[in-house]
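Respectively, the protein sequence lines represent chains A and B.
When the letters of the first sequence are read in order and numbered with numbering that gives the first Met the number 0, they come out as residues 0 to 233.
When the letters of the second sequence are read in order and numbered with numbering that gives the first Met the number 0, they come out as residues 0 to 152.
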Amino acid sequence: MKISKENIEIILFDYAEGNLSNQERKEVEAFLEKNPQYKQMLSSYQECEKLSKPLNIVFEDKDELFALATGKKARKIVFAPRYVKWACGIAAVLLLFFAIKPLLKKEVVIEGKTPVLITQNKTKKKENNSKKYFSKTKKKISKTKKNFYFSIEDENDTIIHQFAFIETELATPKIESETKFIKQTYRSDREIIIEETPKFIIKAKEIINFAKELGEEKLIVVEKEFKVKTSKNV
Amino acid sequence: MTEKEYKKLIKLHSDDVFRYLVKNIHDSEVAKDLLQDSFLALWNNKESVEFEKTKQWLFTTAHNNMLKHIRYNKVRENTLETPTTTELNTENEQFLDYLLKQLNEKMRQCLMLKEWQGFSVKEIAEILNLSESDVKVNIFRAKLKLKEVYENK
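If you want it as structure tokens, here you go:
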């Protein structure tokens, strides 16, 4: 191997990187003994630490890179068209409705007493009373003020409670006639509902809690024939 | 090359190629464009590129794209005064950036390909279109230069 000033850098590189045979290494070492300036050069090269990678430099848009070439969308959240969003919204509402429906129909007993009912099939029996009763209440129903009333009866058709929601945010009941009033569905956006199902049992406690949410002054117990424990707070 | 393989290559090599381009072109936006061009070219040549050699192929293409860009814009490393747009978080990274700027273009490219990517001299020669001897000399000189700069700082 011929070592000269022209090729010394290449040879020193190979020496440092371990690319030379034993014989070649010896030749280099002999040359370095005679030329100490190159020995110093080799030492400097060997002392130079490995260059560290700047790890903070990364390419973020890898998905975009893939999409660009393949024409396939990157995995990212893509907003659905409006109609899909509406469909999802409606589906969610329906699911929620069917999920809470059993809860709404769950029988609840006013504490210590028999269930209270608003019944359709009993309407006919007490039609006269109803007429009388609701003719009275109808006057108080005001679309503008959004007041409405309903009654709670016991199994003997005795009205136990008459509740009046005054100026609530609830939808005003649509009253088709006095006689149908009792089977009217009162549906609010809060799902406190008196259903038109014949034997729906309303949860008195819920009404009271609901009244609390609306504001205590908005629930008036018109008739009170027995005490409901929680109603004292209303 | 399948899409799955292509995606894997992006994950494996995009950071490295991007790093190489940023450090040579000093502009992360241009580097991003050049990287995209390189990977797009890889996909367009997926039938002819050997999967085992894709890294080298990517660096070669990226490097050639970079040279074209430099020639087209008549930008020379020595005239580049604008700071790199890459964030340098630590003192070490700032110092590394400073060190690399002390090297000439060939020295820097040879050194980065060897030290950061672990390419052999032969592979670097092919990527940069240089002789193997030139690569060796450039790496050798680059390291001596770095040591000199380091000691004088």
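The C-beta atom is built at its ideal place from N, Cα and C for all residues, glycine as well.
Note that this is a predicted model, so its numbers are computed, not measured.
Here the segment 105 to 123 of chain B lies against the segment 131 to 138 of chain B, with 3 or more beta-carbon pairs under 8 Å apart. Ile-9(B) sits in a helix when the DSSP states are folded into three classes.
Proximity of the segment 101 to 109 of chain B to the segment 38 to 53 of chain B falls short of the contact definition, fewer than three beta-carbon pairs being nearer than 8 Å. For Gln-101(B), there is no enclosing alpha helix (DSSP H), as DSSP marks it with neither H nor E. Contact note: Phe-58(B) does not reach chain A at a C-beta cutoff of 7 Å; the least C-beta distance is about 14 Å. Residue burial is scored here from C-beta neighbours: Ile-89(A) has fewer than 16 other C-beta atoms within 10 angstroms and is therefore classed as exposed. Here Lys-67(B) is not near Ser-43(A), since their CB atoms are 9 Å or more apart. Scanning its chain for C-beta atoms nearer than 8 Å, with the 5 sequence neighbours on each side dropped, one finds no residue around Glu-114(B). Interface residue (Cβ-Cβ distance to chain B less than 9 Å): Met-40(A) is classified as such. Rounded to whole angstroms, Leu-11(A) and Ile-2(A) show a C-alpha spacing of 10 Å. What Val-29(B) touches in chain A, judged by beta-carbon distance under 8 Å, is nothing: the nearest beta carbon there is about 13 Å away. DSSP, read as helix, strand or coil, puts Ile-89(A) in helix.
In this structure, Tyr-5(B) and Ala-61(B) do not form a Cβ contact; the two beta carbons are roughly 16 Å apart against a cut-off of 8 Å.
Proximity of Glu-49(B) to chain A, defined by a Cβ-Cβ separation below 9 Å, is not satisfied. With 16 or more other Cβ atoms from the protein chains shown falling within 10 Å of its own Cβ, Gln-116(B) counts as buried. In the same chain as Glu-23(A), and ignoring 5 residues on each side of it, the C-beta atoms closer than 7 Å to its own belong to Met-0, in chain order. Contact annotation: in the segment 121 to 139 of chain B, residues whose CB is within less than 7 Å of a CB in chain A are Ser-132, Lys-135, Val-136, Ile-138 and Phe-139.
Across the segment 1 to 31 of chain B, CB contacts with chain A closer than 9 Å involve Glu-2, Tyr-5, Lys-6, Ile-9, Lys-10, Ser-13, Asp-14, Asp-15, Val-16, Phe-17, Arg-18, Val-21, Lys-22, Ser-27, Ala-30 and Lys-31, in sequence order along the chain.
Comparing C-alpha distances from Tyr-37(A) to each of Pro-53(A), Lys-52(A), Ile-9(A) and Glu-63(A) shows the shortest one belongs to Ile-9(A). Within 9 Å of the CB of Leu-102(B), no CB atom of chain A is found; the nearest one sits about 10 Å away. When DSSP states are grouped into helix, strand and coil, Val-48(B) belongs to the coil group. Identification of chain A residues near Lys-146(B) by a Cβ-Cβ cut-off of 7 Å yields Ser-43, Glu-46 and Cys-47, ordered along the chain. Contact of Phe-38(B) with chain A by beta-carbon distance below 8 Å involves Leu-64, Leu-67 and Ala-68.
Taking the C-beta atoms as reference points, Ile-9(B) is found no nearer than 9 Å to Leu-41(A). Arg-70(B) has its alpha-carbon roughly 15 Å from the corresponding atom of Ala-30(B). Counting along the chain, no alpha helix (DSSP H) covers His-25(B), and no H or E run does either. When the beta-carbon positions are compared, Asp-14(B) and Ile-56(A) come within less than 9 Å of each other.
The beta carbon of Asn-6(A) sits closer than 7 Å to no other beta carbon from its chain once the five residues preceding and following it are set aside. Residues of the same chain with their beta carbon placed closer than 7 Å to that of Ala-91(A) are lacking, with the five preceding and five following residues left out of the count. Rounded to the nearest angstrom, the gap between the Cα atoms of Glu-28(A) and Leu-102(B) is 29 Å.
In this structure, the CA atom of Leu-33(B) is about 35 Å from the CA atom of Ala-15(A).
A Cβ of chain B is located within less than 9 Å of the beta carbon of Ile-56(A). Minimum Cα-Cα distance from Glu-147(B) among the listed residues Glu-32(A), Leu-95(A), Lys-33(A) and Gln-39(A) corresponds to Gln-39(A).
Rounded to whole angstroms, the separation of the alpha carbons of Phe-17(B) and Phe-139(B) is 24 Å.
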